[in-house]
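Residues in the sequence shown are numbered from 5 upward in steps of one, following our numbering. Think of the CB as a built atom: it goes at the ideal place given N, C-alpha and C, for glycine as much as any other residue. Treat the numbers as computed from the prediction; the structure is a model and nothing was measured. Here is the structure we will look at.
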Amino acid sequence: MELVSSQTMQKAEKALSEKYGVDTLLLMENAGRGVTEEIVKVLQCHSFSRVYIMCGMGNNGGDGLAIARHLRLRFPTLSILVYLVGKGKELKKDAQFNYQVVKNLSIPVVEISSSQEVELERGALVVDALLGTGITREVEGIYREVIEKINASDNFVVAVDVPSGVEASDGRVMGEAVRANLTVTLGLVKRGLCNFPGREYAGKIKLVDIGIPLSLEEVKLKADGFLITPSMVKEMLPQRHWDTHKISAGVLGVVAGSSPLLGAGLLVCLGGYRSGAGMVVWPLASSLSPLVKLFLPEVVSVNLSSSGEWHYSLSHWEVVEKAFQDRKCGALAVGPGMGTNPSTRLFLEKVIENSRGVIDADALNIISQNIDSWKGHLTGWVITPHSGEMARILGVSTPEVNENRIAASLEASSLLGCVTVLKGAGTVVASPRGEIFLNPTGTSVLASAGSGDVLTGIIAGFMAQGMNSLDSAISGVFLHGLAGELLEREGKKQILSQEIAGKLNEARRMVENGEYTLSFLDGD
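Structure, rendered in structure tokens:
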């Protein structure tokens with residue numbers, strides 16, 4: 005699903021309205037009618053005593069005034085009250101027109117200069133038409149106070165286009181934002197509605213048209229991102245044929261674990277197998293192989309020399325390289341639990357120089373210690389940092405990363421030449437070509453030690469099966485998140501990360517059979 009920034013939406017509307025000769029007033033009229041139809045559906049399901057329409061002084065407020073008129077025509081006896089933050093005579097042309105019509109219909113309009121003038125009874129429906137996509141700075145003054153009153157009213161809220169206070173392009177909350185139950189977005193879905201924290205404020209999202217064919221391609225514009233959907237993932241997933249065998253199914257090589265952190269490697273292997281890889285090859289200390297066989301006998305272990313507390317070192321490289329070549333490994337999963345010993349760093353350089361796959365955890369920390377030497381050198385790789393690891397890669401603070409996760413992901417991909425998976429609530433996938441994909445699946449159930457290790461194995465497992473790095477990342481994060489949702493549906497609040505891998509087959513089946521839809525979207 006295409007996602008746009010507020011800037012792209014404005015350009016598209018302008019270009020297409022000029023091409024088709026559609027007046028901007030008609031666009032506002034169509035927007036008002038479209039939102040009204042969705043409000044009617046809400047009114048038919050709930051017994052609301054009154055509708056409050058909160059209007060700002062821009063086009064979003066004009067949409068709100070058009071909604072007031074359409075609601076009056078549909079429900080002649082419905083109690084409707086419009087609050088306008090400002091003076092009606094100061095509204096711009098299109099909004100001014102709708103304001104005059106509302107006044108002519110005797111719909112009460114209260115022009116306010118203080119939030120103290122706003123009274124919102126409980127049991128009502130509130131329409132948020134205060135700010136829309138035009139916000140460029142922190143919400144202050146009366147607008148902030150009115151938003152706070154809306155949120156405190158505990159009423160059902162329908163936001164027009166974007167909840168007021170949510171930055172439409174990246175989902176940031178600009179100081180304060182309306183918490184909507186339903187957001188009716190116009191023309192094209194705004195990227196900020198699908199990126200956290202904006203998605204949390206949007207509630208359910210419904211897309212309505214505004215009466216012109218909004219084709220980005222037609223006006224030579226590009227989408228500013230994509231929402232990962234079940235249908236998108238279904239098209240990407242590899243399929244086995246009747247004559248597939250364990251080698252042709254894909255062989256995954258694992259470079260993970262050390263004496264104290266063997267479990268990280270086991271979870272990577274488990275994720276790789278559950279993603280569909282036909283074989284997982286794991287070179288590790290000969291002293292640790294018996295433990296691996298005990299917990300996951302399917303793993304093909306390759307014995308490496310060891311003494312004392314074991315970790316990968318440069319002396320292991322030739323054996324590891326030969327093992328991966330002999331078994332035709334299609335991709336590697338590198339990093340979880342491997343440690344950051346100086347000798348391990350030299351070994352990592354060899355691994356990355358000669359392969360493709362996924363880099364996570366300790367390997368990312370090694371890279372971040374000398375980021376300049378890695379710039380542009382990770383072509384063919386996927387990195388999967390959490391916010392803290394991303395902060396170290398970019399040389400900024402973790403709060404700075406979380407302030408704009410989309411921008412951070414794009415910067416990392418550009419810097420290193422790789423696909424980036426920024427893990428967290430609303431995982432972001434970025435390509436070195438500047439593409440953004442937002443993952444809608446997932447739940448707090450996934451906040452468990454080892455969850456990221458399983459994800460590393462899943463993505464690398466897809467790469468081993470022949471998928472490209474971007475498609476592997478997109479499919480991996482989607483199915484990993486869906487597996488978490490399935491565990492939550494079973495009533496589980498705390499899980500073992502190996503349970504995520506155990507749900508991957510069911511998650512994949514649901515996607516392939518069309519049994520999963522995105523709950524926050526009205527349609528896939």
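### Query
Can you pull the DSSP bridge partners for S452?
Walking along the sequence shown from the start, residue 452 turns up at place 448. Per DSSP, S452 has no beta bridge partner at all.
### Three-state secondary structure assigned by DSSP to N509
If you number the sequence shown from 1, residue 509 lands on position 505. Three-state DSSP puts N509 in a helix.
### Task
Take the Cβ of Y24 as the centre, count every other Cβ of all protein chains shown within 10 Å, and call the residue buried at 16 or more, exposed below.
Taking the first residue of the sequence shown as 1, we reach residue 24 at position 20. The residue is exposed, with fewer than 16 neighbouring Cβ atoms inside 10 Å.
### Task
Grab the span of the beta strand (DSSP E) containing G257 for me, first residue to last.
Against the sequence shown, residue 257 aligns to sequence position 253. From DSSP, the beta strand (DSSP E) with G257 extends over V255 to V259.
### Task
Whole angstroms is fine: what's the gap from L382's alpha carbon to F351's?
As a first step, residue 382 must be located in the sequence shown, where it is residue number 378. As a first step, residue 351 must be located in the sequence shown, where it is residue number 347. Approximately 16 Å, taken between the alpha carbons.
### Residue span of the beta strand (DSSP E) that contains C422, given as start and end
Along the sequence shown, one-based indexing puts residue 422 at 418. Counting along the chain, C422 falls outside any beta strand (DSSP E), and DSSP gives it neither H nor E.
### Query
Comparing alpha-carbon positions, which option in V259, M514 and D330 lies nearest I356?
Position 352 of the sequence shown, counted from the first residue, corresponds to residue 356. Per the Cα distances, V259.
### Task
Could you check the C-alpha separation between S347 and Y316 for me, to the nearest Å?
For the purposes of this step, residue 347 is taken as the residue at position 343 of the sequence shown. For the purposes of this step, residue 316 is taken as the residue at position 312 of the sequence shown. Roughly 7 Å separates the two Cα atoms.
### Task
Quick one: using the 10 Å Cβ neighbour count with 16 as the cut-off for buried, is Q469 buried or exposed?
Here residue 469 refers to the residue found at position 465 of the sequence shown. By the 10 Å Cβ count, Q469 comes out buried.
### Task
In angstroms with no decimal places, state the Cα-to-Cα distance between I154 and A184.
As a first step, residue 154 must be located in the sequence shown, where it is residue number 150. As a first step, residue 184 must be located in the sequence shown, where it is residue number 180. Between I154 and A184, the C-alpha separation is close to 9 Å.
### Nearest residue (CA-CA) to P80, options L109, T28, R396 and A281
Locating residue 80 in the sequence shown gives position 76, counting from the first residue. Comparing alpha carbon positions, the residue from L109, T28, R396 and A281 closest to P80 is L109.
### Query
If you run the structure through DSSP and keep just helix, strand and coil, what is P346?
Numbered from its first residue, the sequence shown carries residue 346 at position 342. Correct three-state label for P346: helix.
### Query
CB E42 to CB L186, shorter than 8 Å?
Reading the sequence shown from its first residue, position 38 is the one you call residue 42. Reading the sequence shown from its first residue, position 182 is the one you call residue 186. Closer than 8 Å, so yes.
### Task
Identify whether W321 lies in helix, strand or coil by the three-state DSSP scheme.
Position 317 of the sequence shown, counting from 1, holds the residue named residue 321. Correct three-state label for W321: helix.
### Message
Using 8 Å as the threshold, is the C-beta distance between D174 and N408 below it?
### Response
Start at 1 with the first residue of the sequence shown, and residue 174 comes out as number 170. Start at 1 with the first residue of the sequence shown, and residue 408 comes out as number 404. Yes, they are a contact pair.
### Message
Counting C-beta neighbours from all protein chains within 10 Å, is the total for E171 16 or more, i.e. buried, or is it exposed?
### Response
Looking up residue 171 in the sequence shown gives position 167. Buried, since its Cβ has 16 or more Cβ neighbours within 10 Å.
### Run of the alpha helix (DSSP H) containing G66, from where it starts to where it stops
Here residue 66 refers to the residue found at position 62 when the sequence shown is read from its first residue. Per DSSP, G66 belongs to the alpha helix (DSSP H) from N63 to R78.
### Query
What's the gap between the Cα of M394 and the Cα of R78?
Sequence index remark: in the sequence shown, residue 394 carries index 390 (1-based). Sequence index remark: in the sequence shown, residue 78 carries index 74 (1-based). If I take the Cα positions, the gap works out to 52 Å.
### Message
Going by beta-carbon coordinates alone, are M240 and I462 separated by less than 8 Å?
### Response
The residue you call residue 240 lines up with position 236 of the sequence shown. The residue you call residue 462 lines up with position 458 of the sequence shown. Their beta carbons are not under 8 Å apart, which means M240 does not touch I462 by this criterion.
### beta strand (DSSP E) segments (min. 3 residues) lying fully within the segment 159 to 187
160 to 164
### Query
Taking all protein chains shown into account, do 16 or more other C-beta atoms lie within 10 angstroms of the C-beta of N3, making it buried, or fewer, making it exposed?
A query on residue 3 cannot be resolved here, the shown segment of the chain reaching from 5 to 528 and no further.
#### Entry: Among Q100, D457 and G207, nearest to V272 - alpha-carbon criterion
Position 268 of the sequence shown holds residue 272. Measuring from the Cα of V272, the nearest candidate turns out to be D457.
### Message
Given a cut-off of 8 Å on the beta-carbon distance, is the pair G66 and M32 in contact?
### Response
In the sequence shown, the residue the question calls residue 66 occupies position 62. In the sequence shown, the residue the question calls residue 32 occupies position 28. Yes, Cβ-Cβ distance for G66 and M32 is below 8 Å.
### Task
Count the other C-beta atoms from every protein chain shown that fall within 10 angstroms of the C-beta of E17, then say buried if there are 16 or more, exposed otherwise.
For this step, residue 17 is matched to residue 13 along the sequence shown. E17 is buried by the Cβ-count criterion.
### D528 (DSSP reduced to helix, strand or coil)
For the purposes of this step, residue 528 is taken as residue 524 along the sequence shown, with counting starting at 1. With a pLDDT of 40 at D528, under the threshold of 50, the modelled position of that residue is not reliable, and the figure given next carries that caveat. Residue state, collapsed to three classes: coil.
### Task
Using 10 angstroms around the beta-carbon of G276, count the other beta-carbons present and answer buried if the total reaches 16, otherwise exposed.
Against the sequence shown, residue 276 aligns to sequence position 272. Buried.
### Task
Can you tell me the Cβ-Cβ gap for G339 and L368, rounded? I've got them flagged as a contact below 8 Å.
Your numbering for residue 339 matches position 335 in the sequence shown. Your numbering for residue 368 matches position 364 in the sequence shown. At roughly 6 Å, the Cβ-Cβ gap stays under 8 Å, so G339 and L368 are in contact.
### Task
May I have a chain-ordered list of the beta strand (DSSP E) segments no shorter than 3 residues that lie completely inside the segment 468 to 518?
none
### Task
Tell me whether P389 is buried or exposed, calling it buried when 16 or more other Cβ atoms sit within 10 Å of its Cβ.
Against the sequence shown, residue 389 aligns to sequence position 385. With 16 or more Cβ atoms within 10 Å of its Cβ, P389 is classed as buried.
### Query
Just reading off the beta strand (DSSP E) that G229 is part of, what are its end residues?
Reading the sequence shown from its first residue, position 225 is the one you call residue 229. Here the beta strand (DSSP E) through G229 covers G229 to L231.
### Query
Tell me which same chain residues have a C-beta within less than 7 Å of the C-beta of D528, skipping the five on either side of it?
In the sequence shown, the residue the question calls residue 528 occupies position 524. Interpretation of D528 is limited by its pLDDT of 40, a score under 50 that renders its predicted location unreliable; no figure is taken from the coordinates.
### Task
Note down, one range per segment and in chain order, each beta strand (DSSP E) of at least 3 residues found wholly within the segment 71 to 148.
84 to 89, 113 to 116 and 129 to 133
### First and last residue of the uninterrupted alpha helix (DSSP H) at I209
For the purposes of this step, residue 209 is taken as residue 205 along the sequence shown, with counting starting at 1. Here I209 belongs to no alpha helix (DSSP H); instead the beta strand (DSSP E) covers K208 to V212.
### Message
Could you give the first and the last residue of the continuous beta strand (DSSP E) run that contains M58?
### Response
If you number the sequence shown from 1, residue 58 lands on position 54. Unbroken beta strand (DSSP E) run through M58: V55 to C59.
### Query
Looking at R331 and V304, is the spacing between their C-beta atoms short of 8 Å?
The residue labelled residue 304 in the question sits at position 300 within the sequence shown. The residue labelled residue 331 in the question sits at position 327 within the sequence shown. Contact flag set, yes.
#### Entry: Straight-line Cα distance separating R126 from Y87
In the sequence shown, residue 87 corresponds to position 83, counting from 1. In the sequence shown, residue 126 corresponds to position 122, counting from 1. If you take the alpha carbons of Y87 and R126, they lie about 16 Å apart.
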